[in-house]
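Quick note: the sequence shown uses our numbering, first residue 18, plus one each step.
Beta carbons: idealized from backbone N, C-alpha and C, even for Gly.
As the structure is a prediction and not an experimental result, all values here were calculated from the model.
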Amino acid sequence: MAHPKREGTRSWLALLPDEVEPEVFDTDPPKHLIWSSLWPSRPDDHVVFELADHHGESALTFILLSAGDPPDDSKTGHIRKRMNQLLFADLRYSYGQ
């Protein structure tokens, strides 16, 4: 997740026209990672990823942090849908699951 398009890895970060590749702002492998915003219309947002043990399995949580005004309901729904698609479909399928 820290380098989704690094050469030699499975490519999974398929961005939409209104999205940009995120920068990694902070990382504490393998438990914590912060991305810059994927949305130029919301440049002050950050996406926080947290990985935790959950009964012997891994639980991935993502949190949208916004220094500015919170997104309206429509934008929140769009962000939630995109993150779910990127993480729980595209990334997952890149592992052949």
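The beta strand (DSSP E) enclosing residue i, as first and last residue numbers
i      : result
Ser-83 : 74–83
Leu-50 : 49–53
Asp-61 : Looking at the DSSP string, Asp-61 is not in any beta strand (DSSP E), and its letter there is neither H nor E.
Bounding residues of the alpha helix (DSSP H) (the contiguous stretch that carries residue i)
i      : result
Ser-91 : 90–102
Nearest-angstrom Cα separation, counted from residue j out to residue i
i       : j      : result
Thr-78  : Leu-68 : 7 Å
His-49  : His-63 : 13 Å
Trp-29  : Arg-99 : 13 Å
Lys-92  : Glu-40 : 21 Å
Trp-56  : His-71 : 31 Å
Tyr-110 : Asp-86 : 34 Å
Beta carbon proximity, residue i to chain C, threshold 8 Å
i       : result
Leu-108 : Absence of chain C from the displayed structure is noted, only one protein chain being present.
DSSP three-state assignment for residue i, whether helix, strand or coil
i       : result
Leu-13  : This structure gives no information on residue 13, because the portion of the chain shown stretches from 18 to 114.
Asp-107 : helix
Glu-40  : coil
Asp-45  : strand
Asp-70  : strand
Sequence-distant residues of its chain with Cβ nearer than 8 Å to residue i (five each side left out)
i      : result
Ser-75 : Leu-68, Ala-69
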